[in-house]
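Just so you know, the protein sequences line up as chains D and F, in that order. Residue 417 in the UniProt record's numbering sits at position 417 of the first sequence, and the numbers go up by one each step. Residue 627 in the UniProt record's numbering sits at position 627 of the second sequence, and the numbers go up by one each step.
2 protein chains.
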Amino acid sequence: MRNYGSKLPNELAGAGSAEPEGIRKEASLGMRERRCELEAVSLGETRPRLVSINPINLSLHHVLGRVISMATNPLTPTEFTQIQTIIKQSQTDPTHNLTFQYVGLDDPDKEAVLSWHSSNQTTQLPPRRAFVITRINKQTHETIVDLSTSSVISSRVYTGTGYPLFTFEEQTAANLLPFKYAPFLESIRKRKLKLEEVVCSTYSVGWFGEERKKEKRELKLLCFYLDGTVSLYVRPIEGITVVVDLDEMKITKYSDRFIVPVPKVDGVEYQSSKQKPPFGPSVHAVTVAQPKGPGFKIDGHTIRWANWNFHLGFDVRAGPIISLASIYDVEKDEFRRVLYRGYVSEMFVPYMDPTEEWYYRTFFDSGEFGFGLSAVALEPMTDCPANAVFMDGYVAGQDGKPIQYPNLFCVFEKYAGDIMWRHTELAIPGQVIREVRPEVTLVVRMVSTVGNYDYIVDWEFKQSGSIKVGIGLTGVLEVKGASYTHTDQIKEEAYGTLLADYTLGIYHDHFLTYHLDLDVDGEQNSFVKTKLETKKITDHSSLRKSYWTVVKETAKTESDAKIKLGLKPAEFVVVNPNKKTSVGNNVGYRLIPGSITGPLLSDDDYPQIRAAFTNYNIMVTPYNKSEKWVGGVYADRSRGDDTLAAWSARNRNIENKDIVLWYTMGFHHVPCQEDFPVMPTLSGGFELRPTNFFSSNPVLKTRIPNPVHWPNCTST
Amino acid sequence: MRNYGSKLPNELAGAGSAEPEGIRKEASLGMRERRCELEAVSLGETRPRLVSINPINLSLHHVLGRVISMATNPLTPTEFTQIQTIIKQSQTDPTHNLTFQYVGLDDPDKEAVLSWHSSNQTTQLPPRRAFVITRINKQTHETIVDLSTSSVISSRVYTGTGYPLFTFEEQTAANLLPFKYAPFLESIRKRKLKLEEVVCSTYSVGWFGEERKKEKRELKLLCFYLDGTVSLYVRPIEGITVVVDLDEMKITKYSDRFIVPVPKVDGVEYQSSKQKPPFGPSVHAVTVAQPKGPGFKIDGHTIRWANWNFHLGFDVRAGPIISLASIYDVEKDEFRRVLYRGYVSEMFVPYMDPTEEWYYRTFFDSGEFGFGLSAVALEPMTDCPANAVFMDGYVAGQDGKPIQYPNLFCVFEKYAGDIMWRHTELAIPGQVIREVRPEVTLVVRMVSTVGNYDYIVDWEFKQSGSIKVGIGLTGVLEVKGASYTHTDQIKEEAYGTLLADYTLGIYHDHFLTYHLDLDVDGEQNSFVKTKLETKKITDHSSLRKSYWTVVKETAKTESDAKIKLGLKPAEFVVVNPNKKTSVGNNVGYRLIPGSITGPLLSDDDYPQIRAAFTNYNIMVTPYNKSEKWVGGVYADRSRGDDTLAAWSARNRNIENKDIVLWYTMGFHHVPCQEDFPVMPTLSGGFELRPTNFFSSNPVLKTRIPNPVHWPNCTST
């Protein structure tokens, strides 16, 4: 049995001993790291065999004296159980069915967190509270629970529009309903399909102008056909619409309008074990070696690496939450604040088929299905490289009990062969100077599989001060069954690409809106548009007729900071107007966008009203604890009244304030045959890059990694 | 002494024996690979010590029977010598000074190359010819030399506008002129600088409407001050303009208009050995291990890896030239053509300071200075990872003799921890299905250091069929000396960012125009704009009010294919209109642009007239052997009469023709303090991605790399 590089830093791993008491303590940190012991791993196998997983009791309290940044730690299993008990005890009528739709940390006041953090965690920890959304007797309840006093701080029935996240359990229950529903059984029989090979899946229904009084909490079901494959999403059983009332947990509407062939089973399987030769392409294995082990330290939820220090939280809705990211400035000999908090606030995925069976597919993957709830276990050696360390997470089940998410995150040092900086100087007679620094970065990864699609969420920290945020789209397309086997047969709008016989890949978008609460050297920041403007020279003062220069414009109010990218050349910088470098530039971080994609739905279309937060690629708001979810707290069946677009309509002052930058990145996806039956990753992302934040290149004095001899590797 | 992973594939390395005869043979291939033997490499040292380099005699003829793709191989040392002899012999008056400004392969006819290639290299090799530009007696001569017959095919005096590339030798000679020029000595004395610490550098002068009859072949010189550092480019000696007549090799104009301080030496040094503590940030070493060695094969200039097969050429002007790239289609059991040729055709770098000393800085880095000529030796372990294999190249010196460029290219398999595709399926009761394929790609890298800037040029091949082209900008900014030490002192336009005392980083652009001669399944291709258009629904046929769909428009003529990115959502696909997938989609490759940057100079400004090829991000032309350099064959002092913009004004038919896609990628660079004194790499790039080229995901049946056990690594 060997250790595959997920070795912890010595000072952390040194504490290892697996006493039950230790495990409880560790569990109380809400997350645990573990070393994945892999025996006789063969990369030639379908996947590495996970022979045994020995949780290491880190006993971090004992190793490092105290655990830092606990203020923003996600809820622990113990806390979930405590919350469950408190909520149940507070229930007025215990005969009513109670479901936990959302349980998350109630954000402590930013001021309190910062004051506690800046005191080096010596002052009183801000109170730990949970925000809980339950459904009781067809009503949505919002409860704030204080964990130190085990009491309910506030409780109210929510009567506004929209509904909370779906639980896995209610989706599973809904998916089973058709199998006891006679009209559905008849539909399957009519299609000559085997019922035992049918699997159903849940779809949020959106909002299309329905009156509130007629509205119910509903899901639609779509069913798929296995029969020889696990690649269910590419074998839809079209024509059938099943509507489930979630509060009643019964089918309330049903229609079967037409029959088209279920796409063929040939060529849809993606499991390695089921493939037939010829295989390929094939490459020689490339693995990562870190003879001295990973260079980062995980202390509870705080990760320290190179010059970075940040907190990695987790929320069932957002997935990973990066907070309190600061970077060590060698010159100033201090950690300087960069990002108070960053996370995916919402993901909007509208499909472009307006027909009866498809029009409603306009998903809010975070607010409806939970980007964190949909996270999947990462596989060592394939989802993350050999030097990765894995961390678990916890969510509350529908009954309020904690559920462990193993291998939720991986953290690893990445070396892609890239160059951090270099220069060869040949201009000095008799000298050849060459200085090269290879680029090693730190990546935090989570994968969220929202049904068919797999989203790879990366937060990458660079020694040069950049934070690169990456998103990878892979998994299975949402396809539509159709009667076509050749494009020549398509005589009217098909709303997609014919990918295979009877299979249309429907056009769609993915919009991700990131909450980026930059605190550049403190909370008081401004948003500056560094506009690049052409200047014409007409006075013959130069032989040139033009040049461009920079015109800086500080956004005063929210409307000044609404930006559709691509229209005018500019840089977008969050600066601290109160801090200057010694030569007088405002310290800042700029957003380098990776995509300028904007929405193509009409403004008055219901999905776009709900997703009006995508109308601009960039928006800036003053920090407001309640403005967390750009699609609204209640995204399911939302009506656009609680979106970023609505908040910012107040046009608040944002100059020299604690501001939040919202960046919306999008993909218009015209599927192609290569995306079938499983799609090669399509990647996007953006960068937050220091801009006059440091007084000079912060990696100038980086030395090539510590002296190591090349590992003596043998292939066995 | 150990081998550091640059091991060659066994079948190639097996032939190793270093007989002199072998070396000559190998040298006749024009390039050689070598294994870098590094002894006791310590990554903590400034750079790995290159103890011995033992060239391996590949004797490829003997190993593989014959060397393929020789038709497009770059000129070999033997051929350079042969050309030198032929040109000298043809010189009518041997007393005239003869300089070789450009010596490169005269492209064989595409038809002949393809016919020879498709015959599996069994037919007659197309004739090898060289295109040579010389200067004799103040005149530019163009000569085509046939190498098989050792004869001049054609020769003419070029009387058009513009001049050829500068040679290194004439630049070096020019740089020494000021040291014997009394007014310059006086200028240095006046500034109280030590002459022995002064270094001069050459700058092309551009064209600003001067009449032809008054025009000379000139360079301007700028001088810099070392005195305690090698970081010369950040210590300009401002105020002095030196003009050199290159044909006379003498200073013809001189002015010294003002004195500003030379920027301080503090903080400008970038050499590791000269840094003082505190150092940092520091990380643990991450290295790459390939227990079975690299999985690619280099056969002459042909590289085979996974499903790819391509040729890597080299040109003194373009740098790397990728040609004859084809990909193996498992399903069709054949190699299919993708890219006939791809390379950087020109790079335009205009600075935005119109003052007397700076206005002319509007460089054409390829056409004036040679992107290949400026290539620098790559350093093992830092410029390229441990598993890289290095290749040398050759250029002709000013005297026509071959000069070896060691470690010109590196080729390596890259694994950055990324995921090629994945899916976790939890929807099937009782099953958890997880399939993940890690992404391993092949990278070909060259670094070109054009004076101060270092450009990292990457061509990356993905198993999924994508070609990703990357460009990294690092090195040293071009700064201007100024009297400012604080931004408060700047009362008028400074044309740049104050980076440090007396140091302005001048605003500028980098535009790279790529020649992309895609041959998607053959030469006859079309360019299709896949426009995404919003459709409104007003007939209440749907609860939706809108959707977007795809409207495909095939460009008929060149004007249909002139595209400024960012204005309208669209995909851009090169298709083969004569080849369809079985379901009827046209096979194609699409361009996924990485930058939508366009020029900001006014159209009538001289630099923009010369660089009119940057006016659109995308242009498409019919293939034309003579249309190779978008800025003109003679870029120095060009006047815009031989640019891509001029060629395409003919508005030729491009539908179902052999077409070339030209993509212009740009960076507007507003320098920031982090870029000083050496800038962290700023990256850009684009992707050519198969789009209905394959009938399904071409990496569906890829298995996780061959069975290997994790290497038994020990740190010594």
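Glycine residues also receive a C-beta, built at the ideal position from the N, C-alpha and C atoms. Note that this is a predicted model, so its numbers are computed, not measured.
| request: May I have the straight-line CA-CA distance separating Ile-609/D from Ala-635/D, to the nearest angstrom? | output: 12 Å
| query | When burial is assigned at 16 or more other CB atoms within 10 Å of the CB, is Arg-337/D buried or exposed? | reply | The residue is buried, with at least 16 neighbouring Cβ atoms inside 10 Å.
| Chain-ordered chain D contacts of Gln-275/F [CB-CB under 7 Å] | Residues of chain D passing the Cβ test: Lys-701.
| Between Ala-570/F and the ligand ZN, is the CB less than 7 Å from at least one heavy atom? | The ligand ZN is absent from the structure shown, which contains no ligands of any kind.
| said: So, does the stretch 345-362 of chain D touch the stretch 190-197 of chain D, judging by three or more C-beta pairs under 8 Å? | reply: no
| request: Give the DSSP bridge partners of Lys-250/D, in chain order. | output: DSSP, once it has assigned bridges, lists Asp-245/D as partnering Lys-250/D.
| Among Cys-410/F, Glu-357/F, Ser-273/F, Gly-465/F, which one has its Cα closest to the Cα of Asn-379/F? | It should be pointed out that residue 379/F corresponds to Glu in this sequence rather than to Asn. That would be Cys-410/F, whose Cα lies nearest to the Cα of Glu-379/F.
| query | Beta-carbon separation of Asp-106/D and Ile-144/D under 8 Å? | reply | Cβ distance < 8 Å, so Asp-106/D and Ile-144/D count as in contact.
| said: If I follow the unbroken beta strand (DSSP E) through Lys-414/D, where does it start and stop? | reply: Its beta strand (DSSP E) spans residues 402-414.
| When you compare only the Cα positions, how much space is there between Pro-385/D and Leu-688/D? | 25 Å
| task | Taking the CB atoms as reference points, tell me whether Val-286/D and Asn-120/F lie closer together than 8 Å. | result | Cβ distance not < 8 Å, so Val-286/D and Asn-120/F don't count as in contact.
| field | 8 Å Cβ cutoff, Glu-553/D in contact with chain F | value | no
| query | Do Tyr-663/F and Pro-593/F have their CB atoms nearer than 8 Å? | reply | For the 8 Å CB-CB criterion, Tyr-663/F and Pro-593/F form a contact.
| request: State yes or no: is the beta carbon of residue 718/D nearer than 8 Å to at least one beta carbon in chain F? | output: The structure shown does not extend to residue 718/D, since chain D is modelled only from 1 through 716, so no value can be given for it.
| At a CB-CB cut-off below 8 Å, which residues of chain D make contact with Asp-454/F? | Those within 8 Å of Asp-454/F in chain D are Arg-422, His-423, Thr-424.
| field | Arg-650/D at chain F interface by Cβ criterion, 8 Å | value | no
| said: Is Val-286/D close to chain B? Criterion is C-beta to C-beta, closer than 8 Å. | reply: No chain B appears in this structure, whose protein chains are D and F.
| query | How many whole angstroms separate the CB atoms of Ser-148/D and Arg-128/D, which I take to be in contact at a CB cut-off of 8 Å? | reply | 6 Å
| task | Identify whether Arg-610/D lies in helix, strand or coil by the three-state DSSP scheme. | result | helix
| field | Neighbour list for Trp-647/F in chain D, Cβ cutoff strictly below 7 Å | value | Within chain D, no residue comes near Trp-647/F; the closest Cβ sits about 24 Å away, beyond 7 Å.
| When the Cα atoms are used, what is the spatial distance from Asn-10/D to His-284/F? | Its pLDDT being 31, under 50, Asn-10/D is placed unreliably in this model, and the coordinates cannot settle the point.
| Paired residues, beta bridge with Phe-364/F - DSSP | Phe-348/F
| said: Applying the 10 Å Cβ sphere with the 16-neighbour rule, what's the burial state of Glu-248/D? | reply: exposed
| message | Distance cutoff 8 Å, beta carbons only. Does Asp-501/D sit that close to anything in chain F? | response | yes
| field | Coil, strand or helix - Leu-50/D by DSSP | value | In this prediction, Leu-50/D scores a pLDDT of 25, lower than 50, which makes its location untrustworthy; the coordinate-derived value is nonetheless stated afterwards. Coil at Leu-50/D, not helix or strand.
| Whole-angstrom distance between Asn-452/D and Glu-356/D, CA atom to CA atom | 21 Å
| query | Nearest to Tyr-405/D by CA position, among Asn-576/D, Ile-563/D, Ala-396/D, is which residue? | reply | Ala-396/D
| Other residues of its chain near Ile-79/F: CB distance less than 6 Å, five sequence neighbours each side excluded | With the sequence shown as reference, residue 79/F is identified as Glu, and Ile is not the correct amino acid for it. Closer than 6 Å at Cβ, skipping near neighbours: Leu-147.
| message | Is it the case that the stretch 482-499 of chain F contacts the stretch 636-648 of chain F, given that we only count it when at least three CB pairs across the two stretches are under 8 Å? | response | no
| task | Report the partner residues of His-515/D according to the DSSP bridge assignment. | result | Tyr-343/D, Trp-662/D
| request: Could you name the residues of chain F that Arg-637/D contacts, counting a contact when the two beta carbons are closer than 9 Å? | output: Within chain F, no residue comes near Arg-637/D; the closest Cβ sits about 13 Å away, beyond 9 Å.
| message | So if I threshold CB-CB distances at 7 Å, which residues from the UniProt domain "Copper amine oxidase N2-terminal" (73-157) of chain F count as touching chain D? | response | Within the UniProt domain "Copper amine oxidase N2-terminal" (73-157) of chain F, no residue qualifies.
| query | Can the beta-carbon of Ser-483/D be found closer than 8 Å to that of Val-620/D? | reply | no
| said: Is there a Cβ of chain F sitting closer than 8 Å to that of Met-352/D, yes or no? | reply: Judged by the 8 Å Cβ criterion, Met-352/D is in contact with chain F.
| request: Along the beta strand (DSSP E) that carries His-301/F, what are the first and last residues, could you check? | output: Going by DSSP, His-301/F is part of no beta strand (DSSP E) at all; its letter is neither H nor E.
| query | List, in order along the chain, the chain F residues whose C-beta lies closer than 8 Å to that of Leu-498/D? | reply | Val-583, Gly-584, Asn-585
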